[in-house]
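Position one of the sequence shown corresponds to residue 1255 (our numbering), numbered consecutively onward.
Glycine included, C-beta positions come from ideal geometry on N, C-alpha and C.
As the structure is a prediction and not an experimental result, all values here were calculated from the model.
Here's the structure we're looking at; comments come further down.
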Amino acid sequence: MKTGFVRAAALALLLGGTNSVLALTLAEAEAVVGVVEKLAQETGEGMVLDAADIYYDYDSLGASLIPAAGFDRESWAVAYEAVGRGYMATIPEDQFNATFDEPLARLAASGLPEDQMAMMREHVDGLIAEARQARQEGMAYADVVRPLADRLYVLFYGEFEE
């Protein structure tokens, strides 16, 4: 089971990738979500940003769902990141902010020495800033992925069994 810290870190940590804006279509977004749904059931792992290459590599070992959906490695990575960032932009602000409540509370209750606590807090603050930046970048794709928000919620927050 994913903990709140892992969820928050996944949202924030795995955001590095694509900054370019593309004209993402609903059909492309649906294709990405459909492929990730199938692969998530196989792997037991949900969707996290910056994992497009991991999914591509896994898919290339067997099903080849990604090429069948019309993507090569580069177009898959761009569409995957656009869908993930777009989903983040659809999350209401209060819910998005609440994503970080549990990890921050766990850090505060960790009993770490002050110097270690400060280092960890600085790191977590950086992850939160990255998540906010990804969310902002996702605004360009929010309207396209909004119809898929329920499915994306499951992919980001659901539990998958192998």
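Contact between ALA1336 and TYR1395 holds, with the beta-carbon distance rounding to 5 Å and staying under 8 Å. Looking from the CA of SER1329, the closest CA among VAL1286, LEU1358, LEU1409 belongs to VAL1286. With fewer than three CB-CB distances shorter than 8 Å, the region 1364-1374 does not count as touching the region 1335-1350. By the Cβ-count criterion, ASP1355 is exposed, with fewer than 16 other Cβ atoms from all chains shown falling within 10 Å of its own Cβ. The C-alpha of THR1297 is placed about 19 Å away from the C-alpha of ALA1322. Note that the C-beta distance between LEU1303 and GLY1338 is below 8 Å.
Within the region 1302-1387, the complete alpha helix (DSSP H) runs of at least 4 residues fall at 1306-1314, 1319-1322, 1327-1344, 1347-1352, 1355-1362. In the three-state reduction of the DSSP assignment, LEU1293 falls in the helix class, which pools H, G and I. In its chain, beyond the 5 residues on either side, ALA1333 have a beta carbon closer than 7 Å to the beta carbon of GLU1282. Around the beta carbon of THR1279, fewer than 16 other beta carbons sit within 10 angstroms, so the residue counts as exposed.
The C-alpha of LEU1366 is placed about 42 Å away from the C-alpha of ARG1327. Contact annotation, LYS1292 with LEU1319: C-beta distance approximately 6 Å; criterion of less than 8 Å satisfied.
ALA1294 sits close to LEU1409, with the two beta carbons spaced by under 8 Å.
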